[in-house]
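Participant: This is the structure I have questions about; it appears just below.
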Amino acid sequence: MDLRIDADRLWQSLMDLARIGATPLGGVRRITLTDLDREGRDCVVDWFRAAGLEVRVDPIGNIFGRRAGRDPSRPPVVAGSHIDTQPSGGKFDGAYGVLAGLEVVRTLNDHAVETEAPIEVAAWTNEEGSRYTPVMMGSGVFAGVFPLQHALERTDVDGKSAGDELERIGYAGSAPLATPVGAYFEAHIEQGPILEETRNTIGIVTGALGQRWFDVTVTGMNAHAGPTPMPLRKDALLAASRIVGEVNRIALTEAPHGRGTVGFMQVAPNSRNVVPGEVKFSVDFRHPADAGLQAMKEKLSKACAQVEGE
Ligand SMILES: [Zn+2]
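Read in order, the letters of the sequence shown are residues 1083 to 1392 in my numbering.
In structure tokens, the structure reads:
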């Protein structure tokens, strides 16, 4: 059977959900466990029920809509994402993952397709982490990575706890956590430029980049820009700039997936006529493999030692 989703219906649902918390420039501000989040949740739950899904909510507020399969003993195939946003978020980020799952269910319904395993659509609580840390709180509690009680006790800047806010908006449920999942799919807009660059409309994520962060301090010696001859200087910024170049070179030796970024720097005393005595900067390395990250770290240590020696 050649099943195709109804693109217009999916688009309409995305636009309808995006009205809840819409911002003047076309974005969405629907921060987790606020009244707007409740409105968004109510909207999604109504759609789930209209599609015949059996809705359950767990104690961290994750919402699941279940479509029965022929074999109820099988763990469900789950598709989902999140509907909370950053303070200046967009229309598609997590909403697309949830509504894409719903559109699949609607399409199966249209064609009266029965599946072997049950299908569930999930909306995870507080993926963004902008109001409550940690990020990915709902899925983390579900998977047993974060203890439930710890998550419920997190507070926002006004001292309101996640547990109280869940109760207030009516989404502190009692469905069991950590239930078996047969397979999980999450459709997501790409947040980088690669698909556009390669003129592809869709790609499959095969992994995420692990990261290592370093704080580097280069110590030289403050000196007057005029009276201090070049050979007698210990210019911390000159040394730092060479290390920045190395960070870039190291990432290129780990092509195509290695990344190396210096995005933060403080120069002291930061005066136009003083040779800098101290520079602090960050290094962000990313790589899909632990061994790659380790290799990048070792190359950085070597590069720093060499610059220091010179
Ligand atoms: Zn997202």
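A virtual CB, placed ideally from N, CA and C, is assigned to each residue, including glycine.
Starting from D1366, follow its DSSP beta bridges and name the residues at the other end.
Facilitator: On the sequence shown, residue 1366 is found 284 positions in, with the first residue counted as 1. Answer is W1295 and T1343, bridged to D1366.
Participant: Just to check, is the beta-carbon of E1209 closer than 8 Å to a non-hydrogen atom of ligand 1?
Facilitator: Here residue 1209 is taken as the residue at index 127 of the sequence shown, counted from 1. Correct: E1209 has its Cβ closer than 8 Å to ligand 1.
Participant: Please find out if some non-hydrogen atom of ligand 1 comes closer than 8 Å to the beta-carbon of S1163.
Facilitator: Along the sequence shown, one-based indexing puts residue 1163 at 81. At least one heavy atom of ligand 1 is nearer than 8 Å to the Cβ of S1163, so yes.
Participant: Please go through the same chain and pick out, in chain order, the residues whose beta-carbon is closer than 8 Å to the beta-carbon of V1217, but skip the five residues on each side of it.
Facilitator: For the purposes of this step, residue 1217 is taken as the residue at position 135 of the sequence shown. The residues are N1208, E1209, E1210 and G1211.
Participant: Please report the residue range of the beta strand (DSSP E) in which A1205 lies.
Facilitator: Position 123 of the sequence shown, counting from 1, holds the residue named residue 1205. Unbroken beta strand (DSSP E) run through A1205: I1201 to A1205.
Participant: Give me the Cα-Cα distance between A1373 and G1255, rounded to the nearest whole angstrom.
Facilitator: Here the question's residue 1373 lines up with position 291 in the sequence shown. Here the question's residue 1255 lines up with position 173 in the sequence shown. Using only the alpha carbons, I get a separation of about 42 Å.
Participant: T1301 bridges to which residues according to DSSP?
Facilitator: One-based indexing of the sequence shown puts residue 1301 at position 219. Answer is E1360, bridged to T1301.
Participant: Closer than 5 Å between the C-beta and any heavy atom of ligand 1: which residues qualify, listed along the chain?
Facilitator: The filter returns D1175 and G1176, in chain order.
Participant: At the level of alpha carbons, what is the spacing between A1371 and G1340?
Facilitator: Position 289 of the sequence shown, counted from the start, is the residue given in the question as residue 1371. Position 258 of the sequence shown, counted from the start, is the residue given in the question as residue 1340. Between A1371 and G1340, the C-alpha separation is close to 9 Å.
Participant: How is the alpha helix (DSSP H) around R1188 delimited, first residue to last?
Facilitator: To locate residue 1188, count along the sequence shown from 1; it is residue 106. Counting along the chain, the alpha helix (DSSP H) containing R1188 begins and ends at A1177 to D1192.
Participant: Looking only at DSSP bridge pairs, what is T1237 linked to?
Facilitator: Along the sequence shown, read from residue 1 onward, the residue named residue 1237 stands at position 155. Paired residue(s): S1243.
Participant: Could you give the first and the last residue of the continuous beta strand (DSSP E) run that contains A1265?
Facilitator: Position 183 of the sequence shown holds residue 1265. Where A1265 is concerned, the enclosing beta strand (DSSP E) stretches over A1265 to F1267.
Participant: With a threshold of 7 Å on Cβ separation, who are the neighbours of V1389 within its own chain once the five nearest residues in sequence on each side are excluded?
Facilitator: Position 307 of the sequence shown, counting from 1, holds the residue named residue 1389. Closer than 7 Å at the Cβ level, and outside the excluded window around V1389, lie A1321, R1324 and I1325.
Participant: As a quick exercise: from S1170, S1163, A1150 and P1154, pick the residue whose alpha carbon is nearest that of V1126.
Facilitator: Position 44 of the sequence shown holds residue 1126. It is S1163 whose Cα lies nearest to the Cα of V1126.
Participant: How would you call S1170, buried or exposed, if buried means at least 16 neighbouring beta carbons within 10 angstroms?
Facilitator: As a first step, residue 1170 is located in the sequence shown; it is residue number 88 there, counting from the start. Its Cβ having fewer than 16 others within 10 Å, S1170 is exposed.
Participant: Which residue comes first and which comes last in the beta strand (DSSP E) that contains I1145?
Facilitator: As a working note, residue 1145 is residue 63 in the sequence shown. I1145 to R1149 is the extent of the beta strand (DSSP E) around I1145.
Participant: So, for N1304: in the same chain, excluding its five sequence neighbours on each side, which residues have a beta-carbon less than 7 Å away from its beta-carbon?
Facilitator: Within the sequence shown, numbered from 1, the residue matching residue 1304 stands at position 222. Excluding sequence neighbours, N1304 sits near P1351, V1356, V1357 and G1359.
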